[in-house]
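The numbering used here numbers the first residue of the sequence shown as 2 and each following residue consecutively. Glycine included, C-beta positions come from ideal geometry on N, C-alpha and C. Note that the structure is predicted; figures quoted are calculated from it, not measured. See below for the structure under consideration.
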Amino acid sequence: MELVMKYEVLMQPRTATYEFHLDPISVERIDILEAKVVDLQGDIKRMRVEETRIHGTCLSVEVFKRERIDIVQAEVAATKSTLTVEILDTISALRDEVKILHEKKDGVFRAQDAINAETQDSQKAAVRELQNVISQQETLITELRNEVITSTAAFAAQDVLLTDARRVGDLAKV
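Next comes the structure, spelled out in structure tokens:
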């Protein structure tokens with residue numbers, strides 16, 4: 002930001018240029034600061050008119066101009082210091098906000114990692130439980146097969162015995 006002031010010293014025009022190097026801030030903050038600067042400029046104009054009315058008649062032109070320059074320089078210095086303080090406060094607040102946002106972001110990542118780890122652990126436990134159930138079912142199936150085989154063998158043996166008994170009965174009838 003640059004401030005250029007034109008004034009007349011000892012009947013010669015002079016120009017003073019002030020440069021302010023500001024860190025970038027949000028547009029809303031700039032609008033607020035610009036509104037304050039406009040308000041202060043209006044106050045400066047009113048003060049100048051009042052000062053001219055009061056002191057204009059009793060001071061010589063050179064003394065008047067010197068005092069006017071001193072007043073303007075004091076006003077510019079006051080405005081500059083006010084703006085600097087406001088800008089530093091704004092920057093400090095923004096830095097604090099950025100820290101908070103970084104902490105929140107880190108917390109979210111930690112929570113996601115914990116959720117992922119918990120989900121993986123619960124999935125592993127569920128897989129182990131399913132494997133146990135499958136193993137138990139396979140054992141039951143094997144036992145049922147053995148019982149079916151045993152029952153089938155017993156039925157076959159009974160069938161053979163019945164057949165033999167019928168043959169013996171048929172032979173006894175002859």
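Pairing T80 with L34 gives a Cβ-Cβ distance that is not under 7 Å. When only Cα atoms are considered, T140 and Q132 end up about 12 Å apart. C-alpha of N147 to C-alpha of F110: approximately 55 Å in a straight line. Boundaries of the beta strand (DSSP E) harbouring M6: 3-10, taken from the DSSP string.
The Cβ atoms of R47 and T91 lie no closer than 7 Å to each other. Rounded to the nearest angstrom, the Cβ distance from E76 to I45 is 5 Å, consistent with a contact under 8 Å. The beta carbon of I135 sits closer than 8 Å to none of the beta carbons in its chain outside the five residues before and after it. Just measuring C-alpha positions, the residue of R167, N117, I72 sitting nearest E52 is I72.
About 15 Å separates the CB atoms of I70 and V5; that is not less than 8 Å, and the two are not in contact. K100 and N117 have their C-alpha atoms spaced approximately 26 Å apart. In this structure, the CA atom of V161 is about 36 Å from the CA atom of Q137.
The alpha-carbon separation between A155 and T164 amounts to approximately 14 Å. Residue pairing by DSSP places E20 opposite E3 in a beta bridge.
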